[in-house]
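Down below is the structure, laid out as structure tokens.
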Amino acid sequence: YTAAPPHVSNEGYAYAKRMIDVMNRCYAEQYGCNMTSIIPTNIYGPHDNFSIEGGHVIPGLIHKAYLAKKNGTVLSIWGSGTPLRQFIFNRDLGELTVWVLRDYDSVEPIILSVPEEDEVTIRDVALMIAEASGLPMEQVKFDTTKSDGQYKKTANNAKLASLRPDYRFKPMAEGIAEAVEWFSANYETARKGAH
Numbered sequence: 579y580t581a582a583p584p585h586v587s588n589e590g591y592a593y594a595k596r597m598i599d600v601m602n603r604c605y606a607e608q609y610g611c612n613m614t615s616i617i618p619t620n621i622y623g624p625h626d627n628f629s630i631e632g633g634h635v636i637p638g639l640i641h642k643a644y645l646a647k648k649n650g651t652v653l654s655i656w657g658s659g660t661p662l663r664q665f666i667f668n669r670d671l672g673e674l675t676v677w678v679l680r681d682y683d684s685v686e687p688i689i690l691s692v693p694e695e696d697e698v699t700i701r702d703v704a705l706m707i708a709e710a711s712g713l714p715m716e717q718v719k720f721d722t723t724k725s726d727g728q729y730k731k732t733a734n735n736a737k738l739a740s741l742r743p744d745y746r747f748k749p750m751a752e753g754i755a756e757a758v759e760w761f762s763a764n765y766e767t768a769r770k771g772a773h
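In the numbering used here, each residue carries its 1-based index in the sequence shown increased by 578.
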């Protein structure tokens, strides 16, 4: 969360989210109503939307890896794989959201994210997904003719860390393995639509 202007690729969504914070402060000042907003980073886990076209990074790659393994084709990842991202397992986000509802008493937004040092490259994410899917690494290809997008979207979770210093996030490889296992077991009924 930063006061700097958002990246142009995401400015409409980002400014809409920022207006929620303005609304929360205004409601608190005018009506004494204490509301807040949470700012999660990229979410992944079982029961996600595994759409290849409209889903988020991890669920979309899990779906692509599933199909690559099933069909003996290449898992093609857009870009070089070098961009960095922070990901939060969906159950971690659920637990932290309940904590915010019960115990967080501020109108100031709170970032719900793994620490900055847990940022991972898209390449590392893709390789974890391939491994969890049982997909041979030689079937994983990075398409550098496609854009990497924004290189970094780092979120500072210092406020969360100060309020919940003992919270332990699910390790990334474990969370990905669980999401891959869930998707494989529930392929027929898993959400795979554009939204």
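All C-beta atoms, glycine included, are put in the ideal place defined by N, C-alpha and C.
Quick one: measure Cβ to Cβ for residue i and residue j, integer angstroms, because I've assumed they're closer than 8 Å.
i, j, result
"Gly657", "Phe720", "7 Å"
"Phe665", "Asn620", "5 Å"
To which residues does DSSP link residue i through a beta bridge?
i, result
"Trp656", "Asp721"
"Leu662", "Thr699 and Lys730"
"Leu690", "Pro618"
"Arg680", "In the DSSP output, where bridge partners are listed per residue, Arg680 has none listed."
"Phe747", "Answer is none; Phe747 lacks a bridge partner."
"Asn735", "The partner list for Asn735 (beta bridge, DSSP) is empty, contrary to what the question assumes."
"Asn627", "Arg769"
"Phe761", "DSSP lists no partner for Phe761."
Relative to the alpha-carbon of residue i, which residue among the options has its alpha-carbon at the smallest distance?
i, options, result
"Ala763", "Ser615, Ser629, Tyr644 and Ile636", "Tyr644"
"Ile707", "Asp744, Gly727 and Ile655", "Ile655"
"Tyr729", "Lys748, Val718 and Ile700", "Ile700"
"Leu662", "His641, Val678 and Pro693", "Pro693"
"Leu713", "Glu695, Lys642, Gln608 and Ala768", "Lys642"
"Tyr765", "Gly638, Tyr605 and Lys595", "Gly638"
"Ala646", "Ala704, Glu589, Val678 and Arg769", "Ala704"
"Ser722", "Thr660, Ala594, Ile616 and Thr675", "First, the amino acid is wrong: residue 722 is Thr here, not Ser. Ranking Thr660, Ala594, Ile616 and Thr675 by Cα distance to Thr722 puts Thr660 first."
"Ile689", "Asn612, Arg596, Glu589 and Glu756", "Arg596"
"Met750", "Val600, Phe628 and Val698", "Val698"
Is it true that the CB of residue j sits closer than 8 Å to the CB of residue i?
i, j, result
"Ile758", "Ala710", "First, the residue type needs correcting, since residue 758 is Val and not Ile in the sequence shown. Yes, they are a contact pair."
"Ala806", "Val678", "No statement about residue 806 is possible, as the shown extent of the chain runs from 579 to 773 and does not include it."
"Gly753", "Tyr609", "no"
"Asn612", "Asp683", "yes"
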